[in-house]
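Visitor: One structure, pasted below without further comment.
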Amino acid sequence: MDVSPGLRERKKERTRLRIHRAALRLIVERGLDAVTVEEIAASAEVSRRTFSNYFAGKEDACLYGDTAHMEDFLTVLRTRPAHESAWTALRATVRTVYDARDLSPDREWAQSTRLALKHPALLGRRLAGQQGFLHEMTALLGDRALPAGMHRPGLLASVFLSALLHALHEWTQEGTGTLDGVMDSVLDEVGAAFTDPAPPP
Numbered sequence: 001m002d003v004s005p006g007l008r009e010r011k012k013e014r015t016r017l018r019i020h021r022a023a024l025r026l027i028v029e030r031g032l033d034a035v036t037v038e039e040i041a042a043s044a045e046v047s048r049r050t051f052s053n054y055f056a057g058k059e060d061a062c063l064y065g066d067t068a069h070m071e072d073f074l075t076v077l078r079t080r081p082a083h084e085s086a087w088t089a090l091r092a093t094v095r096t097v098y099d100a101r102d103l104s105p106d107r108e109w110a111q112s113t114r115l116a117l118k119h120p121a122l123l124g125r126r127l128a129g130q131q132g133f134l135h136e137m138t139a140l141l142g143d144r145a146l147p148a149g150m151h152r153p154g155l156l157a158s159v160f161l162s163a164l165l166h167a168l169h170e171w172t173q174e175g176t177g178t179l180d181g182v183m184d185s186v187l188d189e190v191g192a193a194f195t196d197p198a199p200p201p
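For the sequence shown, full-length UniProt numbering gives the first residue as 1, with consecutive numbering after it.
In structure tokens form, the structure reads like this:
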């Protein structure tokens with residue numbers, strides 16, 4: 001599936017990302033409660049009205065990176081061939097999403113996100129978003145073959161998300177390699193414990 005956006009969508013994505021990064025920067029520097037939407041818009045060099053066209057509030061702007069990646073992931077997972085096992089579909093989806101995004105996360109973004117999420121309101125919203133993501137992923141895995149000995153799609157989804165979050169943390173902290181390289185390594189390690197069931201006769 002080609003998930004590459006057109007020129008107009010890429011421009012809109014860059015504007016969203018600019019606002020997102022401005023929100024992160026200001027919230028890390030001053031805290032969520034001390035930052036206004038107007039200040040974020042000015043820092044991103046957009047109008048207050050433009051900000052509102054993209055985000056409902058500063059919390060949404062701060063959490064945009066997470067939200068965008070989860071939405072992209074679910075969109076691609078829905079299109080994976082029905083014959084693929086759950087684990088194969090998940091691995092392929094990660095690769096497709098990473099390759100398709102022009103604006104991949106960098107370590108500064110990841111570090112800033114962790115600092116900003118120390119605010120309880122943002123952390124709570126992020127966790128709620130992850131729970132929604134897990135629910136959707138579990139539903140999409142429900143009709144796929146699970147690894148041998150596994151019977152709960154939700155368990156596989158939880159393990160997979162935990163591996164992705166671990167990879168992001170490791171990449172941010174250790175400062176070596178590329179995110180996709182670290183992610184592949186972590187998923188290879190997790191996947192070594194799984195074996196796809198034998199195909200039906």
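Built from N, CA and C at the ideal position, the CB exists for glycine as well.
None of the values given here were measured: they were computed from a predicted structure.
Alpha carbons only, please: which of 41, 62, 45 is nearest the one belonging to residue 52?
Guide: On the sequence shown, residue 52 is found 52 positions in, with the first residue counted as 1. If we check each option's Cα against that of residue 52, 41 comes out closest.
Visitor: Three Cβ pairs or more, each shorter than 8 Å: is that satisfied between the stretch 129 to 136 and the stretch 68 to 81?
Guide: The stretch 129 to 136, when compared against the stretch 68 to 81, does touch it at the 8 Å Cβ threshold.
Visitor: Exposed or buried, residue 191, counting other C-beta atoms within 10 Å across all chains shown (16 or more means buried)?
Guide: Start at 1 with the first residue of the sequence shown, and residue 191 comes out as number 191. It is buried - the Cβ of residue 191 has at least 16 other Cβ atoms within 10 Å.
Visitor: Measure the C-alpha to C-alpha separation of residue 238 and residue 89 and round it to an integer number of angstroms.
Guide: Any answer about residue 238 is impossible in this case: the structure gives the chain only from 1 up to 201.
Visitor: If you reduce the DSSP assignment to three classes, tell me which class residue 150 lands in.
Guide: Looking up residue 150 in the sequence shown gives position 150. Of the three classes helix, strand and coil, the one that applies to residue 150 here is coil, per DSSP.
Visitor: Would you mind stating whether residue 62 and residue 122 have Cβ atoms separated by less than 7 Å?
Guide: Against the sequence shown, residue 62 aligns to sequence position 62. Against the sequence shown, residue 122 aligns to sequence position 122. A contact, by the Cβ cut-off of 7 Å.
Visitor: Is it true that the CB of residue 119 sits closer than 7 Å to the CB of residue 32?
Guide: Taking the first residue of the sequence shown as 1, we reach residue 32 at position 32. Taking the first residue of the sequence shown as 1, we reach residue 119 at position 119. In contact: residue 32 and residue 119 (Cβ atoms closer than 7 Å).
Visitor: Of the choices 19, 158, 97, whose alpha-carbon is the least far from that of residue 202?
Guide: Residue 202 lies beyond the stretch modelled for the chain, which goes from 1 to 201, so this question has no answer here.
Visitor: For the alpha helix (DSSP H) that contains residue 76, what are its first and last residues?
Guide: Position 76 of the sequence shown holds residue 76. Element bounds for residue 76: 64 to 77.
Visitor: Below 7 Å between beta carbons: does that hold for residue 141 and residue 86?
Guide: Reading the sequence shown from its first residue, position 141 is the one you call residue 141. Reading the sequence shown from its first residue, position 86 is the one you call residue 86. Closer than 7 Å, so yes.
Visitor: Closest by CA to residue 12, which one among 30, 161, 46, 26?
Guide: Working through the sequence shown from its first residue, we reach residue 12 at position 12. It is 46.
Visitor: Classify residue 176 as buried or exposed, calling it buried when 16 or more other Cβ atoms lie within 10 Å of its own Cβ.
Guide: To locate residue 176, count along the sequence shown from 1; it is residue 176. It is exposed - the Cβ of residue 176 has fewer than 16 other Cβ atoms within 10 Å.
Visitor: Since I believe residue 91 is in contact with residue 187 (beta carbons under 8 Å), could you give me their beta-carbon distance rounded to a whole number of angstroms?
Guide: The sequence position of residue 187 within the sequence shown is 187, counting from 1. The sequence position of residue 91 within the sequence shown is 91, counting from 1. Going by Cβ atoms, the distance from residue 187 to residue 91 rounds to 6 Å, so yes, they are a contact pair.
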